[in-house]
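Numbering (UniProt numbering), first residue to last: 1 to 138. One structure below.
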């Protein structure tokens with residue numbers, strides 16, 4: 001498993017926990033402290049994802065809500081919501097990750113951690129954002 005794949009799993013864990021606790025992701029990140037601080041230092045991409053999703057969350061949620069046909073954010077499983085947030089952030093704001101990789105990694109997380117229907121849903125929504133990327137105002 002690549003370092004970035006591990007970083008995505010770690011970031012998802014923190015984003016998910018923050019949502020359940022109704023806290024800011026960076027507060028959950030700071031609360032990890034030792035001994036997990038070494039783990040975070042080993043995966044700087046996780047910190048980048050957590051901070052980026054938090055910074056752009058309003059716009060990310062707006063895009064997800066707009067393009068998730070037949071679904072509201074509230075109706076989605078929390079894990080799917082956070083996978084989509086992370087995937088959208090990587091897709092739209094992280095230039096050193098190819099778009100296809102951002103989508104593919106999100107689908108893998110959905111396959112491993114969510115419902116049977118989730119991978120197709122995540123793939124469809126992120127692929128739509130990828131197509132619209134040049135026209136989206138960020």
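Glycine residues also receive a C-beta, built at the ideal position from the N, C-alpha and C atoms. For clarity, every value in this text was computed on a predicted model and none was experimentally measured.
Check: Counting Cβ pairs, one atom from each stretch, are 3 or more of them under 8 Å apart for the stretch 114 to 122 and the stretch 91 to 101?; Outcome: no
Check: To the nearest whole angstrom, what separates the beta carbons of residue 102 and residue 90, a pair I think is in contact under 8 Å?; Outcome: 4 Å
Check: Please report how far the alpha carbon of residue 42 lies from the alpha carbon of residue 68, in whole angstroms.; Outcome: 34 Å
Check: I believe residue 86 touches residue 15 by the beta-carbon criterion, under 8 Å. Please report the beta-carbon distance rounded to the nearest angstrom.; Outcome: 6 Å
Check: For residue 128, which three-state DSSP category applies?; Outcome: helix
Check: According to the Cβ coordinates, are residue 83 and residue 12 closer than 8 Å?; Outcome: yes
Check: Give, in chain order, every unbroken run of the beta strand (DSSP E) that is at least 3 residues long and sits entirely within the UniProt domain "NusB/RsmB/TIM44" (6 to 130).; Outcome: none
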